[in-house]
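Let me begin by presenting the structure, written as structure tokens, before commenting on it.
Protein chains: 2
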Amino acid sequence: MSSAVSPLAPTDVPEMPQIAGVRLATAAAGIRYKKRTDVLLAVLDPGTSVAGVFTKSKCPSAPVEWCRAKLKGGRARALVVNSGNANAFTGKTGKQSTAQTGAIAAKALGCKQDEVFLASTGVIGEPLDASKFDGVLDKLADEARPDGWMDAAQAIMTTDTFPKVATAQVKLGKAKVTINGIAKGAGMIAPDMATMLAFVFTDAPISPAALQALLKTGVEDSFNAVTIDGDTSTSDTLLAFATGDAAAYGAPKISKASDVRLKAFVKAFNGILANLAEQVARDGEGARKLIEIIVEGAVSKPSARKIAMSIANSPLVKTAVAGEDANWGRVVMAVGKAGEPANRDKLSISFNGIRVAKAGARDPSYNEKEVSAEMKKPEIQIKVSLGLGKGRDRVLTCDLTKEYVAINGDYRS
Amino acid sequence: MSSAVSPLAPTDVPEMPQIAGVRLATAAAGIRYKKRTDVLLAVLDPGTSVAGVFTKSKCPSAPVEWCRAKLKGGRARALVVNSGNANAFTGKTGKQSTAQTGAIAAKALGCKQDEVFLASTGVIGEPLDASKFDGVLDKLADEARPDGWMDAAQAIMTTDTFPKVATAQVKLGKAKVTINGIAKGAGMIAPDMATMLAFVFTDAPISPAALQALLKTGVEDSFNAVTIDGDTSTSDTLLAFATGDAAAYGAPKISKASDVRLKAFVKAFNGILANLAEQVARDGEGARKLIEIIVEGAVSKPSARKIAMSIANSPLVKTAVAGEDANWGRVVMAVGKAGEPANRDKLSISFNGIRVAKAGARDPSYNEKEVSAEMKKPEIQIKVSLGLGKGRDRVLTCDLTKEYVAINGDYRS
């Protein structure tokens, strides 16, 4: 496990305000780790709306299947997250484990099992002993308090090198509403796999259907626009909870995502998602550089996304950035292999604003020294202009370093 | 540039026989390298059939565009290959350079430009000065001899750690015909990109159309089933040449790929392609282990191929193999992210024949020590049984090591 904090970690960590209707508690249940918390319970006021998006993996974990089924009810009273064991690829025992955890949580909270949401991250293929939650969740339900957001972010970490939190306050009608988010990113320990978990909470009174629509749209340019290594976890989970408590201090009840009164809220909500997603990229295994890839002039936004992802997932581009080389040749390669419309002779490429290639060849005007100095910076922007249309997209990734290989390959030695 | 020979290099290097109608010569033209050959000329008897398959990149190199255009004629008299400069992303000068090289070669051989085939590998984005071929190709045309296959394989290397050759002899009718192949694999030097070049020669009398059909089929389970890092070069080129000289000693003239008399030939031809493709995987940058991925029980062969490629290109699977860990959890992840039909609870996975997971969970019968011993071997087979249908496929790759990152990222320091 990496211990040093990523050099790309945010330097400003916000104070996390309370959110009416949300109480938190954490515990060390000894699921896998020693001497650290590994269970988070979020207790939610009755009537809380819930929305979720999940991994596209065809082999999802048991908790993902649990959440998908429970989402139909649209209401949540509890979120239980454990780190240390992903309860993935655990066969029938995985399903039994989620059922048992759900039952324990429902009993502790005095709610329905359909109002309990679960997420697990950690080792896969090892049965998760749900009896470890017995007693623990009761105690956490008693202890849960409106503060402790940083503790919550810490309890869900695996090999993350820093806890990930984000917050925003915004007007909804005449009321001030709050949005808090926590996330864990792509870290892994033997024999784990990268998993992204994120949970967003607000006191805004938003219907489950509207919240689901907001989340589905919001994820597209945030979590879906981040890649560490192109690998997709069986457990990726993003849940949003809206307690609605702000109705008591004047916030209007929102039933449709298209409601114009939501404008400022949507912007802040998407900002929280983008902020958390960027923090995940900043904590990519072994990452030394954050890479922002902008593709413009594509025939469409989906086409720009595909090309941007092809660049972001190219080991050759990522190792070049690790080597502080503005290797536009590899960018051309990645554009070419994306399979999307591209015309070599119209292609321009710039690194941190310095154009190194234009019209199908090296840009004779660029200064190698100037580019080299830019490439030493911790944040690298690669911009590709295709010159074909108006399609534009942006994705975030990180470089591919020896440390990545060490984290993911050396753990046995 | 790596200098140590890959530990996965073949130990038996065949004696390469002559092929009637093919003469070879190499030279040090000083295109980029010092003190080594960097130009290969293959002189072919009049009437030689040619076939080719190329990179699917949307940004192909100038020589790829040249070859595609010339292929229509179906006849070849010369193949000119240079290493050190790929003549890719060189704009208009790239096209001028291929035209000039074609003209020089045609003059040296006394043939049409349409009978000259070109391939370049090396730096991209730097103009290739075709005047360097002036005089050189004349001299090579004079010197060309029927032997020197190993010299030919050496002249086209970039960061390959060993020359790649393969040969087979087989009956066509009553005549013995010969197939020789040379290849260069995925190596790179600043600021290059991986390129695969392969050239196959035979004295069998096969029409251009039949040869093209054979090549198109043969490449599917050989070169198209090999991946190093999922990145696709702008220059990948596979050309096949059939001089037809074996007609003089009794080989029947073949005009259709479906001709039953070709049966033994097709097997040997595909064997050469598979052999060369495997050597490319064995020389993957930084490779310490050859990984064979077999997917069976898929709904179709294309579905099996997609899943196998998802596993083969997963950095998490490749680093786990580098770490000598039978990490089936990451294999599940790669199956899941492929997007193809898969049922977690029917999935079985084995490493080197030892089943570690079955029916959606860890196989309780497997012996960790036994698996660990297997994982220390240089050749690792990962077999995934999906239990859905009869689709089966096989791809080759190599592990992802710190050495890969060093080769592709450290060159600036």
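Chains as they are written, first to last, in UniProt numbering: chain A, 1 to 413; chain B, 1 to 413. Using N, Cα and C, we set each Cβ at its ideal position, and we do this for glycine too.
Please report the residue range of the beta strand (DSSP E) in which residue i lies.
{"i": "Ile382/A", "result": "379-385"}
{"i": "Ile206/B", "result": "No beta strand (DSSP E) contains Ile206/B, which DSSP labels as neither H nor E."}
{"i": "Ile349/A", "result": "348-351"}
{"i": "Pro46/A", "result": "39-54"}
{"i": "Ala357/B", "result": "354-358"}
{"i": "Val22/A", "result": "22-27"}
{"i": "Arg392/A", "result": "391-398"}
So which residues of chain A does residue i contact, with C-beta pairs closer than 9 Å?
{"i": "Asn85/B", "result": "Chain A residues near Asn85/B: none, gap ~12 Å exceeds 9 Å."}
{"i": "Val332/B", "result": "Ser57, Cys59, Ala88, Phe89, Ile124, Gly125, Met193, Thr234"}
{"i": "Arg362/B", "result": "Phe89, Thr90, Gly91, Gly125, Glu126, Pro127"}
{"i": "Gly391/B", "result": "Correct list: empty, because the minimum Cβ distance to chain A is about 15 Å."}
Using a cut-off of 8 Å between C-beta atoms, extract the partners of residue i located in chain A.
{"i": "Pro315/B", "result": "Asp229, Gly230, Asp231, Pro315, Leu400, Tyr404, Asn408"}
Hey, out of the options, whose CA is closest to residue i's CA?
{"i": "residue 428/A", "options": "Lys390/A, Lys132/A, Gln100/A, Pro205/A", "result": "Because chain A here runs from 1 to 413, residue 428/A falls outside it and cannot be looked at."}
{"i": "Ala62/B", "options": "Ala9/B, Leu128/B, Val266/B, Ile380/B", "result": "Leu128/B"}
{"i": "Asn327/A", "options": "Glu15/B, Ile124/B, Lys289/B", "result": "Ile124/B"}
{"i": "Arg362/B", "options": "Arg261/A, Ala406/A, Ala88/A", "result": "Ala88/A"}
{"i": "Ser310/A", "options": "Val395/A, Leu137/A, Pro14/A", "result": "Val395/A"}
{"i": "Cys67/A", "options": "Asp245/A, Ser120/A, Asn224/A", "result": "Ser120/A"}
{"i": "Val80/A", "options": "Ile19/A, Glu220/A, Leu137/A, Lys376/A", "result": "Leu137/A"}
{"i": "Ile291/A", "options": "Ser303/A, Ala141/A, Val280/A", "result": "Val280/A"}
{"i": "Gly47/B", "options": "Glu296/B, Gly297/B, Asp245/B", "result": "Asp245/B"}
{"i": "Pro17/A", "options": "Lys70/A, Pro315/A, Val165/A, Ala264/A", "result": "Val165/A"}
{"i": "Phe269/B", "options": "Ala210/B, Thr237/B, Pro315/B", "result": "Ala210/B"}
{"i": "Phe117/B", "options": "Thr98/B, Ser131/B, Ala359/B, Asp134/B", "result": "Thr98/B"}
{"i": "Arg32/A", "options": "Ala69/A, Ala225/A, Pro10/A, Gly122/A", "result": "Gly122/A"}
{"i": "Phe201/A", "options": "Val39/A, Tyr366/A, Gly250/A, Leu273/A", "result": "Leu273/A"}
{"i": "Lys58/A", "options": "Cys398/B, Pro378/B, Leu386/B, Ala338/B", "result": "Ala338/B"}
{"i": "Lys95/A", "options": "Lys107/A, Ala69/A, Ala247/A", "result": "Ala69/A"}
{"i": "residue 438/B", "options": "Met150/B, Val22/B, Thr237/B, Ser258/B", "result": "Outside the shown range of chain B, which is 1 to 413, sits residue 438/B, and nothing can be said about it."}
{"i": "Glu403/A", "options": "Lys92/A, Lys216/A, Gly284/A, Ile254/A", "result": "Gly284/A"}
{"i": "residue 423/A", "options": "Arg261/A, Gly271/A, Pro208/A, Asp236/A", "result": "Lying before the first or after the last residue shown, residue 423/A is absent from chain A, which here runs from 1 to 413."}
Quick check on the DSSP output: the alpha helix (DSSP H) that includes residue i runs from which residue to which?
{"i": "Cys67/A", "result": "62-70"}
{"i": "Ser303/B", "result": "301-312"}
{"i": "Leu79/B", "result": "Segment 75-85 is the beta strand (DSSP E) holding Leu79/B; no alpha helix (DSSP H) there."}
{"i": "Val13/A", "result": "No alpha helix (DSSP H) holds Val13/A; DSSP gives it neither H nor E."}
{"i": "Pro315/B", "result": "315-322"}
{"i": "Ser6/B", "result": "Element bounds for Ser6/B: n/a, residue is neither H nor E."}
{"i": "Leu109/A", "result": "91-109"}
{"i": "Met375/A", "result": "368-375"}
{"i": "Tyr404/A", "result": "402-409"}
{"i": "Lys337/A", "result": "328-337"}
Would you grab the beta carbon distance between residue i and residue j for me? Rounded to a whole angstrom, and I think it's under 8 Å.
{"i": "Ala83/B", "j": "Met157/B", "result": "A small fix is needed here, since residue 83/B is Ser in this sequence, not Ala. That pair is a contact at about 6 Å."}
{"i": "Ile179/B", "j": "Ala168/B", "result": "5 Å"}
{"i": "Val384/B", "j": "Ile354/B", "result": "The Cβ separation is near 14 Å, so there is no contact."}
{"i": "Val317/B", "j": "Ala334/B", "result": "6 Å"}
{"i": "Thr401/A", "j": "Gly230/A", "result": "Between Gly230/A and Thr401/A the Cβ distance is about 16 Å, and since that is not below 8 Å, they are no contact."}
{"i": "Phe241/A", "j": "Val170/A", "result": "Not really, about 17 Å apart at Cβ, beyond 8 Å."}
{"i": "Ser6/B", "j": "Arg282/B", "result": "6 Å"}
{"i": "Ala27/A", "j": "Thr11/A", "result": "Rounded, the Cβ-Cβ distance is 30 Å, inconsistent with contact."}
{"i": "Ile293/B", "j": "Ile228/B", "result": "That belief does not hold up - the Cβ atoms of Ile293/B and Ile228/B are roughly 13 Å apart, past 8 Å."}
{"i": "Pro252/B", "j": "Gly360/B", "result": "Actually they do not touch by this definition, with Cβ atoms about 55 Å apart."}
{"i": "Leu24/A", "j": "Ala42/A", "result": "5 Å"}
{"i": "Leu109/B", "j": "Ala141/B", "result": "6 Å"}
{"i": "Ala204/A", "j": "Tyr249/A", "result": "With 8 Å as the limit, Ala204/A and Tyr249/A do not qualify as a contact, their Cβ atoms being about 11 Å apart."}
For residue i, which residues in chain A fall below 7 Å Cβ to Cβ?
{"i": "Lys337/B", "result": "Ser57, Asp231, Thr232"}
{"i": "Ala359/B", "result": "Gly91"}
{"i": "Thr319/B", "result": "Val405, Asn408, Gly409"}
{"i": "Ala322/B", "result": "Val405, Gly409"}
{"i": "Arg344/B", "result": "Cys59, Phe89"}
message: Extract the residue ranges of the alpha helix (DSSP H) inside the stretch 123-183 of chain A, only unbroken runs of 4 or more that lie entirely within it.
response: 136-143, 149-155
- prompt: Fully enclosed by the stretch 215-296 of chain A, which beta strand (DSSP E) runs are 3 residues long or longer?
  reply: 237-242
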